[in-house]
Amino acid sequence: MRSAATAARWWDTLETDWLVLDTELLPWSAKAKELLQRQYAATGTAATTALATAKQLLGAAAARCVDVGTLAQRTEDRRHDVASYINAYRQLGSYPARPVSGLGED
67 MRSAATAARW WDTLETDWLV LDTELLPWSA KAKELLQRQY AATGTAATTA LATAKQLLGA
127 AAARCVDVGT LAQRTEDRRH DVASYINAYR QLGSYPARPV SGLGED
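See below:
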């Protein structure tokens, strides 16, 4: 890293003699499935459940002649957004993890 920073003239450009690097030691594919299950799946499940309940309650209100048109449409739009979110993280989790044997690998 020092050689690369020197070749790129970072020391002069940044007017410093030190750098802090915030990096990931594991490639995305090595930790993706566990991260997706622990963080993203829970959000998708909570949103799906909450919006399904909201849709039922709005339907009940509409049956009592309460005007819920705008709110019902916004809720349906959110249900579509959540479905897109779930689809996106499921696609990320479908990439196979490949073995990594050293730091020099991409």
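Counted the way the working numbering counts, the sequence shown spans residues 67 to 172.
Yeah, the Cβ is synthetic: ideal placement off N, Cα and C, and Gly gets one too.
In the DSSP assignment, find the unbroken alpha helix (DSSP H) run with residue i in it and report its ends.
i           : result
residue 129 : 107-129
residue 68  : 68-73
So what does DSSP say about residue i, is it helix, strand or coil?
i           : result
residue 148 : helix
residue 246 : No information on residue 246 is available, as it lies outside the stretch 67 to 172 that the chain covers here.
residue 156 : helix
residue 84  : coil
residue 89  : coil
residue 78  : helix
Assuming residue i and residue j form a contact by the criterion Cβ under 8 Å, report the distance between their Cβ atoms to the nearest whole angstrom.
i           : j           : result
residue 18  : residue 117 : Residue 18 falls outside the range modelled here, since the chain spans only 67 to 172, and no answer is possible.
residue 141 : residue 120 : 5 Å
residue 77  : residue 83  : 6 Å
residue 102 : residue 158 : 6 Å
Residue i: which of the options sits nearest, CA to CA?
i           : options               : result
residue 139 : 78, 125, 72 and 80    : 125
residue 88  : 73, 67 and 146        : 67
residue 145 : 104, 111, 131 and 128 : 111
residue 154 : 113, 106 and 70       : 106
residue 151 : 114, 100, 73 and 74   : 114
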